[in-house]
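Residues 1 to 111 (full-length UniProt numbering) make up the sequence shown, in order. Glycine included, each C-beta is placed from N, C-alpha and C at the ideal position. Here's the structure we're looking at; comments come further down.
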Amino acid sequence: MKEVNFIQMKDGTKEDYLLLSKHEKKFIENTADRIIKFMSGLTKTLEGYKINRLEHSLQSATRALNDKANDEMIVAALLHDIGDELAPLNHSEYAAAVLKPYVSEKTHWIV
Numbered sequence: 001m002k003e004v005n006f007i008q009m010k011d012g013t014k015e016d017y018l019l020l021s022k023h024e025k026k027f028i029e030n031t032a033d034r035i036i037k038f039m040s041g042l043t044k045t046l047e048g049y050k051i052n053r054l055e056h057s058l059q060s061a062t063r064a065l066n067d068k069a070n071d072e073m074i075v076a077a078l079l080h081d082i083g084d085e086l087a088p089l090n091h092s093e094y095a096a097a098v099l100k101p102y103v104s105e106k107t108h109w110i111v
C-alpha cells in the first residue's frame with residue numbers, strides 16, 4: 001500500500017493529503033462493520049448482572065423496535081452502551097460521540 005512521505009503533518013504535500021483522503025473515505029465507509037464487530041466485545045464487560053452488555057443492548061434495540069421507534073432510535077438503543085468497555089465512567093458520552101455524525105440532535109441528546 002502506498003503511504004505518505006511525511007513524518008509531521010505540517011510537511012505533507014497535496015498528493016499526500018489526496019492519498020489520505022482516499023483512504024479515509026474507505027475507512028469511514030466501513031465504520032458500521034467495525035462497530036458491529038466491536039459489539040461482540042460487550043459480552044466481556046462488567047460482571048455481576050444477569051445479562052451482559054451485548055444482551056442488554058440487543059434487548060434495548062428490540063424494545064425500541066417493538067415500540068415502533070424510528071430506525072435512528074433503534075440504532076441508538078443498540079449502540080447506547082458501546083463505550084462501556086473503553087470508557088466505563090462516561091460510556092454514554094462515548095456512545096453519543098460515536099453516533100453524533102449520523103443522528104439527529106434529539107437522538108444524540110437522548111443517548
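Here Gly83 is buried: its Cβ has 16 or more other Cβ atoms, across all protein chains shown, within 10 Å.
Within the segment 41 to 87, the complete alpha helix (DSSP H) runs of at least 4 residues fall at 53 to 66 and 71 to 79.
Going by C-alpha positions, Lys68 is about 32 Å away from Phe27. The shortest CA-to-CA distance from Asn70 to any of Glu85, Lys106, His56 and Arg53 is the one to Lys106. Contact check for Ala76 against Ser60 fails: the beta carbons are separated by 7 Å or more. Going by beta carbons, Ala64 and Ile74 fall inside the 7 Å limit. With a threshold of 16 other beta carbon atoms within 10 Å, Asp11 falls short and is exposed. Annotation: the continuous alpha helix (DSSP H) that includes Thr31 extends over Thr31 to Met39.
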